[in-house]
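Visitor:
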Amino acid sequence: MVKGDSNRRWRRIFLILAAVIGAYALLAPLTSLDAAQAANIPLLADRLWFRLATIIAMFIVMATAWNIIGGITGYAAFGNVAFFGIGAYTTGMLIAKAKWPFLAALPLAPLVAAAFAALVGLPLLRLRGHYFAVASLGVGVAVGELVQNIDYHGQAVFGGASGLFLPIYSIDNRGLFFFYLMLAAAAAAIAVTWWVLRSKFGYGLIAIRENEEAAAVLGVNTTAYKVAAFSLAAALTGLAGGIFSQWNVFINQDNTFPIEYNVQMILMALLGGTGTVFGPAAGAVLLQLLIQFLGGTLPISFDLPFVSETARPIVAQIILGLLLVGVVIFVPRGIIDFFGGRTRLSLGYLRRSLRETSL
Amino acid sequence: MSPQLELRDVTKRFGGVAAVDGVSFEVDAGDIIGIIGPNGAGKTTLLNCISGVYRLDGGDIRWEGHSIAGIPPYRIARLGIGRTFQIVRPFGSMTVRENAAIGALFGREDARRGPKEAFEAADGVLELVGLAAKAALPVSALTIPDRKRLEVARAVATRPHLLLLDEVMAGLNNVEIDEALDMVRAVHATGVTVLLIEHVMRVIIGVCRRAVVLEGGRVLAEGEPEVVLRDERVIQAYLGERYAKRLKP
Numbered sequence: 010m011v012k013g014d015s016n017r018r019w020r021r022i023f024l025i026l027a028a029v030i031g032a033y034a035l036l037a038p039l040t041s042l043d044a045a046q047a048a049n050i051p052l053l054a055d056r057l058w059f060r061l062a063t064i065i066a067m068f069i070v071m072a073t074a075w076n077i078i079g080g081i082t083g084y085a086a087f088g089n090v091a092f093f094g095i096g097a098y099t100t101g102m103l104i105a106k107a108k109w110p111f112l113a114a115l116p117l118a119p120l121v122a123a124a125f126a127a128l129v130g131l132p133l134l135r136l137r138g139h140y141f142a143v144a145s146l147g148v149g150v151a152v153g154e155l156v157q158n159i160d161y162h163g164q165a166v167f168g169g170a171s172g173l174f175l176p177i178y179s180i181d182n183r184g185l186f187f188f189y190l191m192l193a194a195a196a197a198a199i200a201v202t203w204w205v206l207r208s209k210f211g212y213g214l215i216a217i218r219e220n221e222e223a224a225a226v227l228g229v230n231t232t233a234y235k236v237a238a239f240s241l242a243a244a245l246t247g248l249a250g251g252i253f254s255q256w257n258v259f260i261n262q263d264n265t266f267p268i269e270y271n272v273q274m275i276l277m278a279l280l281g282g283t284g285t286v287f288g289p290a291a292g293a294v295l296l297q298l299l300i301q302f303l304g305g306t307l308p309i310s311f312d313l314p315f316v317s318e319t320a321r322p323i324v325a326q327i328i329l330g331l332l333l334v335g336v337v338i339f340v341p342r343g344i345i346d347f348f349g350g351r352t353r354l355s356l357g358y359l360r361r362s363l364r365e366t367s368l
Numbered sequence: 026m027s028p029q030l031e032l033r034d035v036t037k038r039f040g041g042v043a044a045v046d047g048v049s050f051e052v053d054a055g056d057i058i059g060i061i062g063p064n065g066a067g068k069t070t071l072l073n074c075i076s077g078v079y080r081l082d083g084g085d086i087r088w089e090g091h092s093i094a095g096i097p098p099y100r101i102a103r104l105g106i107g108r109t110f111q112i113v114r115p116f117g118s119m120t121v122r123e124n125a126a127i128g129a130l131f132g133r134e135d136a137r138r139g140p141k142e143a144f145e146a147a148d149g150v151l152e153l154v155g156l157a158a159k160a161a162l163p164v165s166a167l168t169i170p171d172r173k174r175l176e177v178a179r180a181v182a183t184r185p186h187l188l189l190l191d192e193v194m195a196g197l198n199n200v201e202i203d204e205a206l207d208m209v210r211a212v213h214a215t216g217v218t219v220l221l222i223e224h225v226m227r228v229i230i231g232v233c234r235r236a237v238v239l240e241g242g243r244v245l246a247e248g249e250p251e252v253v254l255r256d257e258r259v260i261q262a263y264l265g266e267r268y269a270k271r272l273k274p
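Okay, here's the thing in structure tokens:
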């Protein structure tokens, strides 16, 4: 709670950033993408960028949501993708099978995901450390398998292995619409985090992270707080899943329960800075761009030297892995640490970090 | 008047060992009582039973006339029983002030506050325990005696009616003990009942009105500190039979 010059600078940077994004968000819908394309404005003219921007916003939601349970509360949830999938299938089923309109089906995605989190959270959150991490990973995998394999009278309830097709949401500038929707979800996730870190609830969560037993004897209802944090993270993740299902039109186990999302959202939070408001978002932008760049799916790309096209995904994974090991060792508080002018990237910083993170 | 805290045949077993074995005594509101006994006598276990960290295997604990056996720690804290840990457990990423504020934010149910008032209350408590000048420091910058003070500050910030102190003077030198004694007296003067575990006899004689001696999980003696500490059984428990005989006039 030390409010110094650096903090003010911090705030100014983000106010400017928010103003730019806000102005853009307000002005952009006035023009459709077609107009931008006709004028040949770089980036805006490329539909691929919009798809990528939507995916980045989606990961901002997931990484920021994970931060609430993993970063602020200190419980390393490894199965949060379950909530993404549950959100996607809740909205997807309501639209495809029950013929609900999208905007009516969407609010149920976070609700169902949160309810599920509360249900599994009660037993799971009694476990600590690695035990919780492994158990939550198990839940993440199990839910995906269940959704694909539950049959009723020989009929796959949730579309089975062939997945679920949703009717296309008819609206002008669909891509733009879903981009803004996902961006709104990202803003909501960040706003929720901001509120949590200033509330009594957030202080209780941090106390649990720092020492659960001490928190309990000071009067923190640790079980209720942990379950609430888990459900809050699930609700936000489920919201992203709900938007994704209608945006992508087709959902199946592979695109709504990918195991690698579990790892990616955690790495994004770590890379950006756990426990902070903007860290996970910054990490999500950076890591997602990097993943796409190394994967060769960015509009801007170049060939990696000495790497054949077929070996590229593997090399990309290796580079990504090494980079992340480096970040965890040398920038343990995340890259957000370098914003705001409190610390500067220097050899001394790296040396201090190494001392901090190694035994 | 019924006692504020009443222990009736409190028993806690670990496997076959009864760490606390049928302990009964009473604590009146406003009293200041010392629990002493050799290592392994069950002092800390007893404290864990009162604060709800351990579930009882037998007996009952009554707080202000109601049983609190089997109630989880957070609810006992809300009823107005605060405690410290023998091995300090600060919230490492927080400042001294934030640590104390957590106690003020949560704590006793009918004394709860919002974040802003909690930080103001934390400042008051830090003043009381003598940490006001270090409020903005991170916990890692504190010395051992100061960490013990912080442990007390956090518990006091919950505004307890009863404060359980687990060896807050252990490992301190004589000057530091005097300072810590002043701190305990200052807290007690605000109207808090104090139950403290201590090894340092000077502390027990210095502040306690009554002492309870535990040995092997049972109450060995109980009474005024000066009288209890001259009790032959107590000397035996601490120093062994031979030494006790040699002390005899």
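If you read the protein sequences in the order shown, they are chains A and B.
If you want the working numbering, it's the 1-based position in the first sequence plus 9.
If you want the working numbering, it's the 1-based position in the second sequence plus 25.
Using N, Cα and C, we set each Cβ at its ideal position, and we do this for glycine too.
Determine which residues of the region 144–159 of chain B have a Cβ less than 8 Å from any Cβ of chain A, and write them out in chain order.
Guide: F144
Visitor: For B:L188, which beta-bridge partners are listed by DSSP?
Guide: Translated into positions along the second sequence, residue 188 of chain B becomes position 163. Looking at the DSSP assignment, B:L188 forms a beta bridge with B:G107 and B:V219.
Visitor: Leaving out the 5 sequence neighbours to the left and right, which residues in its chain are closer than 7 Å to A:L131 when beta-carbon positions are compared?
Guide: On the first sequence, residue 131 of chain A is found 122 positions in, with the first residue counted as 1. Contacts found: V236.
Visitor: Using only alpha-carbon positions, find the residue among B:F110, B:G149 and B:R179 that is nearest to B:F131.
Guide: As a first step, residue 131 of chain B is located in the second sequence; it is residue number 106 there, counting from the start. If we check each option's Cα against that of B:F131, B:R179 comes out closest.
Visitor: Under 7 Å, CB to CB, which of the residues in the region 162–185 of chain B have a partner in chain A?
Guide: R179 and T183
Visitor: What residues in its chain sit with their C-beta under 6 Å from that of A:W256, if we drop five residues either side in the sequence?
Guide: Here the question's residue 256 of chain A lines up with position 247 in the first sequence. Taken in chain order, the residues that qualify are F187.
Visitor: Would you decide whether A:W204 is buried or exposed? Buried here means 16 or more other CB atoms lie within 10 Å of its CB.
Guide: By one-based count along the first sequence, residue 204 of chain A stands at place 195. Counting Cβ neighbours within 10 Å, A:W204 comes out exposed, since fewer than 16 surround it.
Visitor: If we define contact as Cβ-Cβ less than 8 Å, is A:L227 a contact residue for chain B?
Guide: Here residue 227 of chain A refers to the residue found at position 218 of the first sequence. Yes - at least one Cβ of chain B is within 8 Å of the one on A:L227.
Visitor: What's the gap between the Cα of A:I275 and the Cα of A:F87?
Guide: Locating residue 275 of chain A in the first sequence gives position 266, where the first residue counts as 1. Locating residue 87 of chain A in the first sequence gives position 78, where the first residue counts as 1. Straight-line Cα distance between these residues: approximately 8 Å.
Visitor: When Cβ atoms are compared, which residues of the region 191–206 of chain B fall closer than 8 Å to chain A?
Guide: none
Visitor: By DSSP's criteria, A:Q164 is part of a beta bridge. Which residues make up the other side?
Guide: Counting from 1 along the first sequence, the entry for residue 164 of chain A is found at position 155. Paired residue(s): A:Y161.
Visitor: If we count the other Cβ atoms within 10 Å of its Cβ and call it buried at 16 or more, is A:H139 buried or exposed?
Guide: Against the first sequence, residue 139 of chain A aligns to sequence position 130. Per the 10 Å Cβ criterion, exposed.
Visitor: According to DSSP, simplified to helix, strand and coil, what is B:S92?
Guide: The residue labelled residue 92 of chain B in the question sits at position 67 within the second sequence. Strand at B:S92.
Visitor: Please confirm whether B:V177 and B:T109 have their CB atoms less than 8 Å apart.
Guide: By 1-based counting over the second sequence, the position of residue 177 of chain B is 152. By 1-based counting over the second sequence, the position of residue 109 of chain B is 84. One thing to note: B:V177 has its Cβ within 8 Å of the Cβ of B:T109.
Visitor: Tell me where the beta strand (DSSP E) around B:F50 begins and ends.
Guide: By 1-based counting over the second sequence, the position of residue 50 of chain B is 25. Run containing B:F50: V42 to V52, per the beta strand (DSSP E) assignment.
Visitor: Compare the C-beta of A:G168 against all C-beta atoms of chain B and say whether one is closer than 8 Å.
Guide: Counted from its first residue, the first sequence places residue 168 of chain A at position 159. No, its Cβ sits nowhere closer than 8 Å to a Cβ of chain B.
Visitor: Quick one, which of B:G231, B:V232, B:V228 and B:P250 has its alpha-carbon nearest B:V238's?
Guide: Working through the second sequence from its first residue, we reach residue 238 of chain B at position 213. Taking only the C-alpha atoms, the option nearest B:V238 is B:P250.
Visitor: According to the Cβ coordinates, are A:Q273 and A:L61 closer than 8 Å?
Guide: As a first step, residue 273 of chain A must be located in the first sequence, where it is residue number 264. As a first step, residue 61 of chain A must be located in the first sequence, where it is residue number 52. Their beta carbons are not under 8 Å apart, which means A:Q273 does not touch A:L61 by this criterion.
Visitor: Over what stretch of residues does the alpha helix (DSSP H) that includes B:E134 continue unbroken?
Guide: As a working mapping, residue 134 of chain B is identified with position 109 in the second sequence. Unbroken run through B:E134: none, as it is neither H nor E.
Visitor: Hey, B:V253 and B:V244: beta-carbon distance below 8 Å or not?
Guide: Locating residue 253 of chain B in the second sequence gives position 228, where the first residue counts as 1. Locating residue 244 of chain B in the second sequence gives position 219, where the first residue counts as 1. Not in contact: B:V253 and B:V244 (Cβ atoms no closer than 8 Å).
Visitor: Are at least three pairs of beta-carbons, each pair with one atom in the region 165–175 of chain A and one in the region 261–268 of chain A, less than 8 Å apart?
Guide: yes
Visitor: For B:S118, would you say it is in contact with chain A, using Cβ-to-Cβ distances shorter than 8 Å as the test?
Guide: Your numbering for residue 118 of chain B matches position 93 in the second sequence. With 8 Å as the cut-off, B:S118 counts as an interface residue toward chain A.
Visitor: When you check each C-beta in the region 103–132 of chain B against every C-beta of chain A, which residues fall closer than 8 Å?
Guide: R103, G107, R108, F110, R114, P115, F116, G117, S118, M119, T120, R122, E123, A126, I127, G128, L130, F131 and G132
Visitor: Identify the continuous beta strand (DSSP E) that holds B:G59 and give its terminal residues.
Guide: Taking the second sequence and counting its residues from 1, the one referred to as residue 59 of chain B is at position 34. Counting along the chain, the beta strand (DSSP E) containing B:G59 begins and ends at I57 to I61.
Visitor: Helix or strand or just coil, what does DSSP make of B:A32?
Guide: On the second sequence, residue 32 of chain B is found 7 positions in, with the first residue counted as 1. The question names Ala, but residue 32 of chain B is Leu in the sequence shown. B:L32 falls in the strand class under three-state DSSP.
Visitor: Pull up the distance between the alpha-carbon of A:P341 and that of A:G357, whole angstroms please.
Guide: In the first sequence, counting from the first residue as 1, residue 341 of chain A sits at position 332. In the first sequence, counting from the first residue as 1, residue 357 of chain A sits at position 348. Taking the straight line joining both Cα atoms gives about 14 Å.
Visitor: Using a Cβ-Cβ cutoff of less than 6 Å, which residues in the same chain neighbour A:V129 once the five nearest sequence positions on both sides are dropped?
Guide: Residue mapping note: residue 129 of chain A aligns to position 120 of the first sequence, counting from 1. Excluding residues within five positions, the ones whose Cβ falls inside 6 Å are V148.
Visitor: What would DSSP say about B:F39, mapped onto helix, strand or coil?
Guide: The residue given as residue 39 of chain B occupies position 14 in the second sequence. Strand at B:F39.
Visitor: Can you check whether the C-beta of A:I77 is within less than 8 Å of a C-beta belonging to chain B?
Guide: The residue you call residue 77 of chain A lines up with position 68 of the first sequence. Chain B contact via Cβ: absent.
Visitor: Please tell me whether B:G139 has its Cβ less than 8 Å away from any Cβ of chain C.
Guide: Judged by its chain identifiers, the structure shown contains no chain C, and its protein chains are A and B.
Visitor: Can you give me the Cβ contacts of A:G288 inside the same chain, cut-off strictly under 6 Å, excluding the 5 residues immediately before and after it?
Guide: For the purposes of this step, residue 288 of chain A is taken as residue 279 along the first sequence, with counting starting at 1. Cβ neighbours of A:G288 beyond the five flanking positions: G281, G282, G343 and I345.
Visitor: Using 8 Å as the cut-off, can you tell me whether the region 194–202 of chain B makes contact with the region 151–165 of chain B, which would need three or more C-beta pairs spanning the two stretches below that distance?
Guide: no
Visitor: Give the secondary structure of A:G169 by DSSP, where H, G and I count as helix, E and B as strand, and everything else as coil.
Guide: For this step, residue 169 of chain A is matched to residue 160 along the first sequence. Helix at A:G169.
Visitor: Kindly indicate which residue of A:I25, A:A249, A:A142 and A:R21 has the alpha-carbon position closest to the one of A:I64.
Guide: Taking the first residue of the first sequence as 1, we reach residue 64 of chain A at position 55. Nearest in C-alpha terms to A:I64, of all of A:I25, A:A249, A:A142 and A:R21, is A:A249.
Visitor: Can you give the Cα-Cα distance for B:K37 and A:A200, rounded to whole angstroms?
Guide: Locating residue 37 of chain B in the second sequence gives position 12, counting from the first residue. Locating residue 200 of chain A in the first sequence gives position 191, counting from the first residue. When rounded, the distance between both Cα atoms is 47 Å.
Visitor: Would you say A:I215 lies against chain B (beta-carbon separation less than 8 Å)?
Guide: Residue numbering aside, residue 215 of chain A sits at position 206 when the first sequence is read from its first letter. Output row for A:I215: interface = yes.
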